[in-house]
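Student: Residue numbers (this note's numbering): 25 to 297.
Note that beta-carbon positions come from the ideal geometry of N, C-alpha and C, so glycine has one too.
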Amino acid sequence: MRGDKTPRTRPRCFGTLRHMPDPYEDEELAALYDTINGWDASDDFYLRLVLSANSVLDVGCGTGTLLKAARDNGHTGRLCGLDPADGMLAQARDRPDVEWVRGTLGTVPFAGEFDLVVMTGHAFQILLTDDEARALLDGVRQALTPTGRFAFETRNPAVRGWERWNPADASEITDAAGRTVVVTHEVESVVDGVVRFSETYSGPWEQPRVTWASLRFLPAPELDELLGDRGFVVTERYGWWDRTPFTENSREVITITHPLVPSLPAVPPADAR
Ligand SMILES: C[S@@+](CC[C@H](N)C(=O)[O-])C[C@H]1O[C@@H](n2cnc3c(N)ncnc32)[C@H](O)[C@@H]1O
25 MRGDKTPRTR PRCFGTLRHM PDPYEDEELA ALYDTINGWD ASDDFYLRLV LSANSVLDVG
85 CGTGTLLKAA RDNGHTGRLC GLDPADGMLA QARDRPDVEW VRGTLGTVPF AGEFDLVVMT
145 GHAFQILLTD DEARALLDGV RQALTPTGRF AFETRNPAVR GWERWNPADA SEITDAAGRT
205 VVVTHEVESV VDGVVRFSET YSGPWEQPRV TWASLRFLPA PELDELLGDR GFVVTERYGW
265 WDRTPFTENS REVITITHPL VPSLPAVPPA DAR
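#1: Is the beta carbon of tyrosine 262 closer than 9 Å to that of phenylalanine 256?
#2: Where do the N-terminal and C-terminal ends of the beta strand (DSSP E) with alanine 65 fall, by residue?
#3: Rounding to the nearest angstrom, what Cα-Cα distance links isoleucine 278 and aspartate 248 in this structure?
#4: Following a CB-centred definition, is leucine 151 positioned closer than 8 Å to any heavy atom of ligand 1?
#5: Excluding the five sequence neighbours on either side, which residues of its own chain have a C-beta within less than 6 Å of the C-beta of methionine 112, listed in chain order?
#6: State the Cα-Cα distance for the pair valine 234 and serine 222, rounded to the nearest angstrom.
#7: So for phenylalanine 241, helix, strand or coil by DSSP?
#8: How far does the alpha helix (DSSP H) with isoleucine 4 in it extend, from its first residue to its last?
#9: Are serine 226 and valine 258 touching if we call contact CB-CB under 9 Å?
#10: From threonine 204 to threonine 224, what distance separates their C-alpha atoms?
#11: Which word fits asparagine 61, buried or exposed, when buried means at least 16 other C-beta atoms lie within 10 angstroms of its C-beta?
#12: So, are the CB atoms of leucine 106 and leucine 129 less than 9 Å apart?
#13: Pop quiz: tryptophan 265 and phenylalanine 69 are said to be a contact at Cβ under 8 Å. What is the actual Cβ separation, rounded to whole angstroms?
#14: Given alanine 77, which residues of its chain have a CB within under 6 Å of its CB, disregarding the five upstream and five downstream residues?
#15: What residues in its chain sit with their C-beta under 6 Å from that of glutamine 115, if we drop five residues either side in the sequence?
#16: Should alanine 147 be listed as close to ligand 1, given that the test is whether its C-beta is under 8 Å from any heavy atom?
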């Protein structure tokens, strides 16, 4: 298992994209993802949860690092990674001992199948509106077993993490072919909690490759309102990956929650009754 890393300052999540290339669909950029986002304390946190659950759905699984690590660490139950991006799934699919599904909870409905649903790497921040977040929560609820839990994190807007996303904080990586790639971020706007920024990859290409993204920074009370609205109750809330309790100045809003009332079983078709 990879070692713990210093806290990330760069955005792990590229969010919703306006221009090509899409770093999640583009296989060359997706191939850089694991090098840019090495194993860290958040992965340790989620791995422990995954290993304690029989069946796990990773929504926005990306390259599948978490579920692969779970298998490597002896998980013998169902592990399913769901992601809409072919580029990321191409990286994940080097491991046939995990189930990989292309799509979102809106396009691939699961029914009471998982003890644990996770959404890691700040993927929840891709949901830019209350309606998108509500739809996601409804899908999670539908996917969970009656005693299932949902664990995810979002960055705390109070600490204004996006102020560290600037070209001076470039990171330099080496790709699988040994070539140097420099990755920089630049924030374009911050409007109503939605941060719009560019991510630029300078490397072995004729021109740097620029992607655009938006991520939503949701204050914890507003997040809890949305959860409550969709019937979820928060059972654990941390501000950092070592399970430090959340305070208003915590960098992360780490949430473990479950539906107060599980989804009702789907009504069987008339001819089966
Ligand atoms: C920042 S990556 C996180 C990947 C992985 N969870 C991790 O921690 O490394 C966000 C992932 O969410 C996926 N994604 C984008 N929109 C999504 C949606 N509506 N539902 C689920 N996943 C989505 C992207 O394709 C991408 O792989």
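Tutor: This is what the structure holds:
#1: no
#2: Here alanine 65 belongs to no beta strand (DSSP E); instead the alpha helix (DSSP H) covers 65 to 75.
#3: 12 Å
#4: yes
#5: Tyr48, Ala54, Gly86 and Thr87
#6: 7 Å
#7: coil
#8: Lying before the first or after the last residue shown, residue 4 is absent from the chain, which here runs from 25 to 297.
#9: Cβ distance not < 9 Å, so serine 226 and valine 258 don't count as in contact.
#10: 13 Å
#11: buried
#12: yes
#13: Between phenylalanine 69 and tryptophan 265 the Cβ distance is about 5 Å, and since that is below 8 Å, they are a contact.
#14: Asp139 and Leu140
#15: Ala54 and Thr87
#16: yes
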